[in-house]
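Accompanying notes for the structure given below.
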Ligand code: IPE
Ligand code: IPE
Ligand code: MG
């Protein structure tokens, strides 16, 4: 039986450059400790890698770049590391936002920002309110984000708005549900990259990664750059995205 309700029914065009790239930026701490530096030095260098990778994706024509900056589980880290990460987040937003907007990069933040200190929350709201005149890329930063949080908040908001759905669960379809997810309106990621050697999702985009091509590299995030992006894209181009079909069907364009 055909499943016409699945969001992955339509096979997107496979271009040479992924339309949406989602990255778990991992390995800052190990980058630093391998150099006898404090973990925080790795986070500072990680911001430079963010700058390089945003630029590399922009130059290559990526339309959407989503970066995992702080997970809902990262509050479990020592309080001083969390505090330093928050300060770095504030400083980076203050420094970069004008430049991003002037280049046509729209900033979005997804995650439960209510948990952040008021100064950071206000800065996020102010930064994400700027809509560049000539939009070329959407940069989404996942901060205090968790894939499970996202699905639950979507369920809660959907039922709050449409209480009648509780009495008619069959009306809860993917198209009815998806607008409530934090990434609503964005294409699903074509390519997922995780640096730092771990091969796991760590509660990142659970719903949206259903058919994303996964790429893992040993490179620590502070060492990641345009050449590393090219290597990931080269791997992506080798993939055959079948979305449940057979190879012959995909070859015939069906
Ligand atoms: C990723 O690097 C940055 C954040 C999670 C904020 P880590 O800090 O997780 O670095 P490792 O994994 O300990 O090396
Ligand atoms: C995932 O990295 C979160 C971010 C990069 C923001 P972690 O380093 O927190 O993931 P685990 O704990 O190793 O799974
Ligand atoms: Mg880590």
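Numbering (the working numbering), first residue to last: 35 to 288.
Glycine residues also receive a C-beta, built at the ideal position from the N, C-alpha and C atoms.
(1) Give a yes or no on whether the C-beta atoms belonging to residue 240 and residue 223 are separated by under 8 Å.
(2) For residue 247, list the residues DSSP reports as bridge partners.
(3) Roughly how many angstroms separate the alpha carbons of residue 68 and residue 234, rounded to a whole number?
(4) Looking at residue 107 and ligand 2, is the gap between the Cβ and the nearest heavy atom below 7 Å?
(5) Under 7 Å: does the beta carbon of residue 60 sit that close to some heavy atom of ligand 3?
(6) Excluding the 5 residues flanking residue 36 on each side, which residues of the same chain have their C-beta closer than 7 Å to its C-beta?
(7) Would you report the Cα separation of residue 263 and residue 91, rounded to the nearest angstrom?
(8) Which partner residues of residue 147 appear in the DSSP bridge assignment?
(9) Give the list of continuous beta strand (DSSP E) stretches no shorter than 3 residues that lie fully inside the segment 81-138.
(10) Give a yes or no on whether the C-beta atoms belonging to residue 205 and residue 212 are separated by under 8 Å.
(11) Would you mind working out which of 182, 159, 62 and 86 sits nearest residue 75, comparing C-alpha positions?
(12) Hey, how far is the Cα of residue 72 from the Cα of residue 120?
(13) Should residue 228 be labelled buried (16 or more other beta-carbon atoms within 10 Å of its own) or exposed?
(14) Answer yes or no: the CB of residue 119 versus the heavy atoms of ligand 1, is any distance below 7 Å?
(15) Start and end of the beta strand (DSSP E) containing residue 172?
(16) Counting C-beta neighbours from all protein chains within 10 Å, is the total for residue 281 16 or more, i.e. buried, or is it exposed?
(17) Can you name the residues that DSSP bridges to residue 56?
(18) Please look up how many angstroms separate the CB atoms of residue 96 and residue 141, rounded, as I've assumed it's under 8 Å.
Answer, in terms of the structure:
(1) no
(2) 225
(3) 22 Å
(4) yes
(5) yes
(6) In this prediction, residue 36 scores a pLDDT of 44, lower than 50, which makes its location untrustworthy; the coordinate-derived value is nonetheless stated afterwards. Taken in chain order, the list of residues that qualify is empty.
(7) 8 Å
(8) None; residue 147 has no bridge partner.
(9) 98-105
(10) no
(11) 62
(12) 17 Å
(13) buried
(14) yes
(15) 171-179
(16) exposed
(17) 100 and 226
(18) With a Cβ gap of about 15 Å, residue 96 and residue 141 do not count as contacting.
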